Amino acid sequence: MRVWLTDWQLAEDHLLVATGDTVEWQLYPADSEWTARLFGDRLQIEWQLDTYGAAVEQPSLHVTGVVDALQSVWCRQEQTAEGVVPASGEASLRPELDTSISWARRAAPAGIHAAGYPVVDGPALYGYVVSLTSSSGPR
Numbered sequence: 011m012r013v014w015l016t017d018w019q020l021a022e023d024h025l026l027v028a029t030g031d032t033v034e035w036q037l038y039p040a041d042s043e044w045t046a047r048l049f050g051d052r053l054q055i056e057w058q059l060d061t062y063g064a065a066v067e068q069p070s071l072h073v074t075g076v077v078d079a080l081q082s083v084w085c086r087q088e089q090t091a092e093g094v095v096p097a098s099g100e101a102s103l104r105p106e107l108d109t110s111i112s113w114a115r116r117a118a119p120a121g122i123h124a125a126g127y128p129v130v131d132g133p134a135l136y137g138y139v140v141s142l143t144s145s146s147g148p149r
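First residue of the sequence shown: 11, per the numbering used here; consecutive thereafter.
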C-alpha cells in the first residue's frame with residue numbers, strides 16, 4: 011500500500027516516520043488531482059495520512075503496518091496564474107531513512123509567493139511516499 015505524507019503537515023507536527031517503523035494510522039483518500047499534478051500517470055497513490063482529515067466527513071481506513079520504504083518527493087516549481095505550483099508531472103523520488111528533513115532542512119532562498127511559502131531554486135520538497143505493509147484494515 012502506498013501512502014502520501016504532506017511535507018508541511020510533517021513539519022508542523024515534527025512527525026518522524028522512519029523505514030522499519032510500525033505505525034497505526036487513520037488514512038483518508040489521497041487527493042488524486044494533486045498526485046496527478048506531481049507524477050502525471052507514473053504513480054498511483056490511494057491513501058494519505060492527513061492530520062486534518064477528521065475535520066471533513068469522508069471515507070477512512072484504519073491501518074497498522076510496517077514502513078517498508080520511504081521516498082521524498084521533489085519537484086521543480088513554476089510561477090503560473092494560480093501561483094507557485096509544482097511543474098506538472100515532473101516530481102522525482104529520493105529514498106530516505108526518515109522524514110526529519112521536513113523540519114530540519116535549511117531555509118529556502120529569497121522569494122515568497124502569495125501563500126507565504128518560499129519559492130526555491132531547483133526542486134522543492136512536497137512530501138513523501140510511504141510503502142506500507144498493512145497488517146490490519148478497516149475498522
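Virtual Cβ for every residue (Gly too), placed ideally from N, Cα, C. Bear in mind that the values here come from a model prediction, so they are computed numbers and not experimental data.
Residue i - partner residues in DSSP beta bridges
i    : result
V139 : W14, Q81
R104 : S82
A134 : C85
6 Å CB neighbourhood of residue i in its chain, flanking five on each side removed
i    : result
I55  : R12, W14, A40, T45
T32  : V76
A134 : Q87
D60  : Y38
S145 : T74, G75
Own chain partners of residue i with C-beta closer than 8 Å, once the 5 adjacent residues on each side are dropped
i    : result
G50  : S98, G99
A28  : V77, L80, L107, D108, T109
G132 : R86
R47  : V95, P96, S98, G99
C-beta atoms of residue i and residue j nearer than 8 Å
i    : j    : result
L163 : T109 : The first residue shown for the chain is 11 and the last is 149, placing residue 163 beyond what the model contains.
D17  : Y136 : yes
W84  : S102 : yes
S82  : I111 : yes
Of the residues the options, the one placed nearest residue i, counting alpha carbons only
i    : options               : result
W35  : Q58, S112, V83        : Q58
G63  : V139, Q19, A134       : Q19
A21  : S145, W113, E92, Y138 : W113
V52  : V66, S42, D60         : The sequence shown places Arg at residue 52, rather than the Val named in the question. Closest by alpha carbon: S42.
P105 : Y138, L48, R47, Q68   : Y138
Neighbourhood of residue i by C-beta, 7 Å cutoff - its chain only, sequence neighbours within 5 removed
i    : result
T143 : G75, V76, D78
Residue range of the unbroken beta strand (DSSP E) whose run includes residue i
i   : result
E92 : From DSSP, E92 is part of no beta strand (DSSP E); its letter is neither H nor E.
E34 : 32–39
Bounding residues of the alpha helix (DSSP H) (the contiguous stretch that carries residue i)
i   : result
L59 : Here L59 belongs to no alpha helix (DSSP H); instead the beta strand (DSSP E) covers 57–59.
E43 : 42–49
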